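Taken in order, these protein sequences are the chains called A and B.
Be aware that the first sequence starts at -13, since it is given in my numbering, and climbs by one per residue.
Be aware that the second sequence starts at 45, since it is given in my numbering, and climbs by one per residue.
The structure appears below as structure tokens.
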Amino acid sequence: MSEIQSGKELRDQFFETLGERDDIHQGMAVLLIRLYSENKLTGTTILKGLEALRSGMEDATED
Amino acid sequence: MQQRIRLRKLCGEGFRGILKRVWLDFEGDCKSLVLFGNNGDGKTSFSDAVEWFFTDRIEYLGREGCGRQDYFHDALPETQEPIVELSFNRDALDSEKILKRGGGYRYSNYTDEFRNYIGNSGKELFILRYHTMCEFIDKTKKNKLEDVERIIGFEIVTDIREALLRALNGLKNSTELTGFRGSSNERGDDIVNIIGTKPFIEADIISFADGLRKRLDYDKPISDIDTLKSATDQLDKWVETTERGKQIAWLEQVRVKVSSSKQIPNFLDKLEQALTCHNELAAQKEKVEASALDKLYKAGLEALEKGWAKPGECPLCRQPIDTDQLLESLKKEVEGIQYLLKERTDNIEQVKLLQYRIGPLKESLSSLLEDKVKESILTPHQLETLGSWPDLFDQWEELMNKIKDSPAALTFELPSTNSKDELATIMTEIEEAIEWKKMALAETEETMKFYQDIQTLKSLRDSYLRLLEIESKIRVYESQISSLEKIHQEFEEKEQEGLSRVLEAISKSVNEYFKFLHPDDDFNEIKLVLTEERGLEFSLQFYGRPISPPQKVLSESHLNSLGISLFLASSQYFNSTNGFLILDDVVSSFDVNHRRSLSRLLRERFPDTQFLLFTHDDLWFDLLKKELPSNSWLFKELAKWSHEKGVEIIEPPMTLRERIQYYLESNDTTGAANKCRTLIEGTLKEICEDLGVRLEYCSREKNDQREASELIDGLSQYLNGNKSLRERENKLPFNDLRADQLLTNIGSHHRNLEVTALARGDIEIVLKDIDAFEALFVCSSCNKTASKSHTPRNSKLKQCKCGKLRI
């Protein structure tokens, strides 16, 4: 029984370790973790967040 | 671990078949219960009550098209409301639930603890009914996986994976990204046109630029993009030092705008195509309007495919209908709508791309209407023609917005494109005029070439810088796509891993329970395995051969065992809140041996679980009374259901013989005859099993459906073969029993035939005959039957416990 993870445990664990990864875009990791913790993770909210990240990155480039 | 919740009392009133208040009392220590009742006597009203108490619905009734109005007992006065009341081994959770006539429901327990308990219980599966058990086995692989994901709480994982996938697809198919890729190609083509090398790398551009630099006698070499920029800036300054240079540079700028404006006719062709496509789709008005019902059709299709709708009835309007025909026509409708929606989506994507292009085109054309151009390059006719275009651009922008946002069934017209060809002609004329002017200013071919080279270098710089800018934007997209792809893939792998672990654990238990129920059958390694395209299926080894799906080799009885095993295994792993399970008439197709195995499985492997076992099978009921420990199990029986009284409990429950007497006292000789038939068969089966009587081979459940005559024949052969009980006085009970069996058959099957109606006396004689027959096999000294269990191995005759009776 102990080796079996519930759906919630599995999701929690995945998002807990997402921020520690260095092979993925950190801004994206932060975005996904925030949306997940706020229970707002949907296809649309992810796309909106990524759009904001892109314009932020462009601004940073322009600066 | 906190003690799991068990039921102390279950009470219903006015709910489903229950009219007057009825209690199932599981006593202070929350015992398990076997509830016997004939079909229609109201057993399922109790499981319905429990399901509604926790989930506010009764799922199988919903699939049959029944709603909350069907939860009210028909004879319940209008002033009363149905009540279900549950008491538990934790008093703080006790509550009534009232089904309100005005709609909704009300619990009497308002505490947070109770609310949390109901919330947690809603995620657990604790009721198994015969038909739901069969349904799971027969479901598609995809639906099996969905069901199991729901049972084990993995649907919340699926939601996340799907959100990630939707975002990933959204990124990959982004119109902006497509626009960037288009612009990147255009800038690439511009560069290829200048340097004449395809494909090219930055070194090709630099090398070409440096070649031009040498031709221009500019002394600083061009070795990278920065030196290219500083060289073009410096050359620009050279040009600006003379009036002629300024004029030629300006003319070259205008030429670039003209060149860009020459793309307008091509843009218009594309816009026309998109509009034609839109109007063609909009012309299919009925289909377009029907597309608004897409979700409804899909829901109807699902209801029919999953068997939720009543056969022969429309799931929406409940009018009689040919289900197969409706299914076929809904499939066609949904396919048509999907095609239409895809066409429309593709067209809107095309329009979005055009929206990206229109801005720069409008800007190029408008720049040709600036005063200086008007005065020095354009003829009055050209000016008049070009002057009307900016307004057209505004109209096209409006049109594209309409196509994108308006209801799909509206058609539109393209604002005038008559001057499209004229525009192309004018643009060529303006280009030629510019060339003439440049030549006139330059005076010589050599000077002209000089200014052209400078302009080429600047165009190369601009195109390359723009290309770099666009590629940087594309890279941002691609980096997001790559990261999201990785995240999605790893999440999916984690989900699969978690699911596989769960399935492995459940499979282990399913295999163990199934083997417990069928110890002699050669079915091994029963597993639930993930299939391709996200599905789930059972697999097993049959005589060493892998089999999937199990329907290939398993009988109905085996499939039922599989359903029960899966239910028990999943409850073992996932019911952490509740410690009770309801098995509602789940052994219908089980033979005697497997019923006994099931009762032992429950007794031995689930000592901490409270079971509510409902059955209409009186033989099994009697068997369970013998098999299950009376200190932890209760046995109750339901009286015959009536509209006026609803469900009633008989206490204490009756044996089969007592039940026959009950029918006789109620003057129901047909019912009594029916039970006598069951008693004769049950008695014969028990004797045959005890003596090890050999009968003609019958496969699986047919073995248990043998009729009494067949059993009597087999028993007679055994006795003749063993030369026992051959005296005439012993043969008489056989003959009597044969006659009784015939009599009770007629009595129970021909209830409407007056001439065959049985008298109470007939039944009493049958009961005496059964007693006399049974006595033949019981020892008068030790009062035990002759049986294999008392007999030494290899002994032909079976003996009683003391050995005095040998048969």
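Positions of the beta carbon are idealized from the N, C-alpha and C atoms, including for glycine.
Quick caveat, the model's predicted, so the values are computed rather than measured.
Residue i: buried (16+ other C-beta within 10 angstroms of its C-beta) or exposed?
| i | result |
| --- | --- |
| E377(B) | buried |
| I49(B) | buried |
| Y707(B) | buried |
| R194(B) | exposed |
| R721(B) | buried |
| Q(-9)(A) | buried |
| K719(B) | buried |
| Q654(B) | buried |
| S450(B) | exposed |
| H322(B) | buried |
| E95(B) | buried |
| N675(B) | exposed |
| H687(B) | exposed |
| Q426(B) | buried |
| C742(B) | exposed |
| S91(B) | buried |
| Q12(A) | exposed |
| W433(B) | buried |
| T276(B) | buried |
Along chain B, in chain order, which residues have C-beta atoms closer than 9 Å to that of residue i?
| i | result |
| --- | --- |
| D9(A) | S527, K530 |
| I19(A) | Neighbours of I19(A) on chain B: none; closest Cβ ~11 Å, over 9 Å. |
| G5(A) | Residues of chain B passing the Cβ test: none, with the nearest at roughly 12 Å. |
Which chain B residues sit within Cβ distance under 7 Å of residue i?
| i | result |
| --- | --- |
| S(-8)(A) | G197 |
Just checking my contact of residue i with residue j at CB under 8 Å: how many whole Å lie between their CB atoms?
| i | j | result |
| --- | --- | --- |
| R505(B) | K273(B) | 6 Å |
| I412(B) | K301(B) | Residue identity differs from the one stated: residue 412(B) is Leu in this sequence, not Ile. With 8 Å as the limit, L412(B) and K301(B) qualify as a contact, their Cβ atoms being about 6 Å apart. |
| L574(B) | S544(B) | 7 Å |
| K680(B) | K64(B) | About 16 Å separates the two Cβ atoms, so there is no contact after all. |
| N774(B) | L820(B) | 6 Å |
| D666(B) | T699(B) | 6 Å |
| I19(A) | L33(A) | 17 Å between Cβ atoms; not a contact. |
What are the boundary residues of the beta strand (DSSP E) that residue i is part of?
| i | result |
| --- | --- |
| Y151(B) | 149 to 151 |
| G56(B) | 51 to 57 |
| G579(B) | 579 to 586 |
| K680(B) | 677 to 682 |
| K571(B) | 567 to 575 |
| A654(B) | Going by the sequence as given, residue 654(B) is Gln instead of Ala. Q654(B) -> beta strand (DSSP E) spans 654 to 659. |
| R804(B) | From DSSP, R804(B) is part of no beta strand (DSSP E) but of the alpha helix (DSSP H) over 804 to 819. |
| K141(B) | 139 to 143 |
| L79(B) | 76 to 80 |
| L735(B) | From DSSP, L735(B) is part of no beta strand (DSSP E) but of the alpha helix (DSSP H) over 713 to 735. |
Determine the chain A residues that contact residue i at a beta-carbon separation under 7 Å, and present them in chain order.
| i | result |
| --- | --- |
| V546(B) | I(-10) |
Determine the extent of the alpha helix (DSSP H) in which residue i is found, giving its start and end residues.
| i | result |
| --- | --- |
| P424(B) | 424 to 431 |
| K502(B) | 489 to 561 |
| W294(B) | 287 to 305 |
| S23(A) | 12 to 23 |
| N323(B) | 308 to 327 |
| V201(B) | 199 to 216 |
| W96(B) | 87 to 99 |
| S824(B) | No alpha helix (DSSP H) holds S824(B); DSSP gives it neither H nor E. |
| D338(B) | 338 to 349 |
Starting from the beta carbon of residue i, find every residue of chain A whose beta carbon is closer than 8 Å, and list them in chain order.
| i | result |
| --- | --- |
| I200(B) | G(-7), K(-6), R(-3) |
| E539(B) | L(-4) |
| Q524(B) | H11, M14, L36, L39, R40 |
| F535(B) | F0 |
Along chain A, in chain order, which residues have C-beta atoms closer than 9 Å to that of residue i?
| i | result |
| --- | --- |
| F634(B) | Within chain A, no residue comes near F634(B); the closest Cβ sits about 29 Å away, beyond 9 Å. |
Does residue i have its Cβ less than 8 Å from a Cβ in chain E?
| i | result |
| --- | --- |
| A211(B) | Although the question refers to chain E, the structure presented lacks it and instead comprises the protein chains A and B. |
Answer yes or no: the CB of residue i versus the heavy atoms of the ligand FAD, is any distance below 7 Å?
| i | result |
| --- | --- |
| I162(B) | With respect to the ligand FAD, the structure offers nothing, as it holds no ligand at all. |
Next item on the list: Taking only beta carbons into account, state which residues of the stretch 202 to 231 of chain B come closer than 9 Å to chain A, listed in chain order.
Entry: Cβ contacts with chain A: T202, D203, I204, E206, A207, L208, L209, R210, A211, L212, N213, G214, L215, S218, E220.
Checklist line | Residues from the stretch 573 to 600 of chain B in contact with chain A, defined by Cβ distance under 7 Å | finding: none
Notebook entry, point to check: What residues from the stretch 542 to 569 of chain B come within 7 Å of chain A, judged by C-beta to C-beta, listed N to C?
Noted result: G542, R545, V546, A549
Check: In the stretch 664 to 686 of chain B, which residues sit with their C-beta less than 7 Å from some C-beta in chain A, listed in chain order?
Finding: none
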